[in-house]
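Asker: Take a look at the following structure, please.
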Ligand code: ADP
Ligand code: ASP
Ligand code: MG
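Residue numbers (my numbering): 46 to 468.
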């Protein structure tokens, strides 16, 4: 990502991001305006990024799907980016009503230049001279999250939850002193508090753990936003827009963090499983299957390959659930080409993961995880590990039970110092 001609502005600069629930009604928008104005009156330069009002992006997606299930992604971006136009305008009006100058901008106007991968574009550069001019004139600048424009002038969007990434990219570009992500929870928890009522808020979390959590389903931050925060060392906090509190700070890892073996359990319903049965055991078959998926822009996550004694291979892998049908269609010809016997799929799976930097230096985490799941009669279909996480694929209907079971097994409802497992 390149950042145009930015230089650090002397007074402190804060980027605030408010998610859908935080701007979900006129009252909430007024409350956001009050928070932004308070920061402005305290002497900060303030740039605010907002999402569409809650439920609006989903409504726009269902309108598209109502028209056709074979829609063009360019037009998808034209429609789904519309929600943010309303919330930025309303917020700027609400700030003006409090006596502070504010101007709202869409992505293309301040030029969030992206690549052309519609519906999951990546930011390449933020030009943003208008933002700087407005800040220097004492305005609060309100910017539509989630959207950008490609070289050819087409509107693009950054993937669901993409306003987080807009905010962090802006904070990096502006060399902001803080990037505050305001949402409907008061920080990052040991598990999704909607699933585990005893989940605890983490005061701090390392960029790497948050990266795993986000990519494994904790939608409190979009994965790409954490990647950018880590890369550009953006000081990032997750806070509640509804209540006061210190929130969760994303930081570099330290020794204290390493003492905690498992920091959080996370879950995702975003994947589907595909198995290609009876693949001939010869060079090039994996390249044919995964090459076809890559060409169709479908990301493959877990892959398991089993060679049976008969010399045939079964290949099982996961793809984003939204791409499931597309993946099956994409594979129809390659599967014939390599003379595989059959292709099967299951979109009703879920992924549950345990994440913690302490796993690097402690053994036995996987064993404890599998034992706890077995005790509840939960069957594990696939397993994948990295240095700081263990993920399992299981039937979707067991997902919430598995999350609660693992939260208990790793004693995450207790203070880190009081956990038997942590010592
Ligand atoms: P916003 O609309 O503000 O962007 P999101 O709905 O995208 O908010 O993200 C906030 C939600 O993330 C919370 O309401 C919570 O249910 C969910 N969530 C999932 N995992 C976690 C976690 N580990 N900590 C906090 N929130 C989580
Ligand atoms: N409004 C977009 C969405 O619902 C972007 C965001 O909320 O961050 O995905
Ligand atoms: Mg979000």
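For each residue, glycine too, the CB sits at the ideal point set by N, CA and C.
Since the structure is predicted, the reported quantities are computational estimates derived from the model, not experimental observations.
1) Are there any heavy atoms of ligand 3 lying less than 7 Å away from the beta-carbon of residue 323, as far as the coordinates show?
2) For a test of your reading of the model: does the CB of residue 191 fall under 7 Å from any non-hydrogen atom of ligand 2? Yes or no.
3) How long is the line joining the alpha carbons of residue 536 and residue 151, rounded to whole angstroms?
4) What residue from 356, 187, 378, 201 has the CA that sits closest to residue 333's CA?
5) Quick one: Cα of residue 113 to Cα of residue 104, how far?
6) Taking the alpha carbon of residue 386 as the point to measure from, which residue in 330, 366, 437, 409 has its own alpha carbon closest?
7) Which value, in whole angstroms, describes the spacing of the CA atoms of residue 407 and residue 355?
8) Count the CB pairs spanning the segment 188-197 and the segment 221-230 that are closer than 8 Å, and state whether there are at least three.
9) Should residue 94 be counted as a contact of ligand 5 given a C-beta to heavy atom distance under 7 Å?
10) Taking 7 Å as the cut-off, is the C-beta of residue 264 nearer than that to any heavy atom in ligand 3?
11) I'd like the span of the alpha helix (DSSP H) that includes residue 234, first residue to last.
12) Does the separation of the CB atoms of residue 140 and residue 71 fall below 8 Å?
13) Under the criterion of a Cβ to heavy atom distance below 7 Å, does residue 268 qualify as lining ligand 2?
14) Between the alpha carbons of residue 318 and residue 157, how many angstroms are there, rounded?
15) Between 59, 95, 81, 84, which has its C-alpha nearest residue 66's C-alpha?
16) At the level of alpha carbons, what is the spacing between residue 292 and residue 75?
17) Quick check: does the Cβ of residue 395 come within less than 7 Å of any heavy atom belonging to ligand 1?
18) So what's residue 65 in DSSP terms, helix, strand or just coil?
19) Where does residue 463 land, buried or exposed, given buried means 16+ other C-beta within 10 angstroms?
20) Residue 59 and residue 91 look like a contact to me (Cβ under 8 Å); what is the Cβ gap, rounded to whole Å?
21) Enumerate in chain order the residues of its own chain whose CB-to-CB distance from residue 451 is below 7 Å, with the five nearest sequence positions on each side excluded.
22) Where does residue 111 fall in DSSP's three states?
23) At the level of alpha carbons, what is the spacing between residue 274 and residue 187?
24) From residue 68 to residue 430, what distance separates their C-alpha atoms?
Answerer: According to the structure data:
1) Distances from the CB of residue 323 to the heavy atoms of ligand 3 are all 7 Å or more.
2) Remark: the shortest separation between the CB of residue 191 and any heavy atom of ligand 2 falls under 7 Å.
3) Residue 536 lies beyond the stretch modelled for the chain, which goes from 46 to 468, so this question has no answer here.
4) Among 356, 187, 378, 201, the Cα nearest to that of residue 333 belongs to 378.
5) Taking the straight line from one Cα to the other gives about 15 Å.
6) With distances taken between CA atoms, residue 386 lies nearest to 330 out of 330, 366, 437, 409.
7) Whole-angstrom Cα-Cα distance: 39 Å.
8) Contact fails: fewer than three Cβ-Cβ distances are below 8 Å.
9) Ligand 5 is not part of this structure, which contains only ligand 1, ligand 2 and ligand 3.
10) The answer is yes for residue 264.
11) Run containing residue 234: none; DSSP gives neither H nor E here.
12) The Cβ-Cβ distance between residue 140 and residue 71 does not fall below 8 Å.
13) The answer is no for residue 268.
14) When rounded, the separation of the alpha-carbon atoms in residue 318 and residue 157 is 35 Å.
15) Cα-wise, what sits closest to residue 66 is 95.
16) Each residue's alpha carbon lies about 22 Å from the other.
17) Outside the cutoff, so no.
18) Residue 65 sits in coil when the DSSP states are folded into three classes, being neither helix nor strand.
19) By the 10 Å Cβ count, residue 463 comes out exposed.
20) In this structure residue 59 is in contact with residue 91, their Cβ atoms being roughly 6 Å apart against a cut-off of 8 Å.
21) 310, 397, 399, 414, 417, listed in sequence order.
22) Residue state, collapsed to three classes: helix.
23) C-alpha separation (whole angstroms): 20 Å.
24) Between the C-alpha atoms of residue 68 and residue 430 there is a straight-line separation of about 38 Å.
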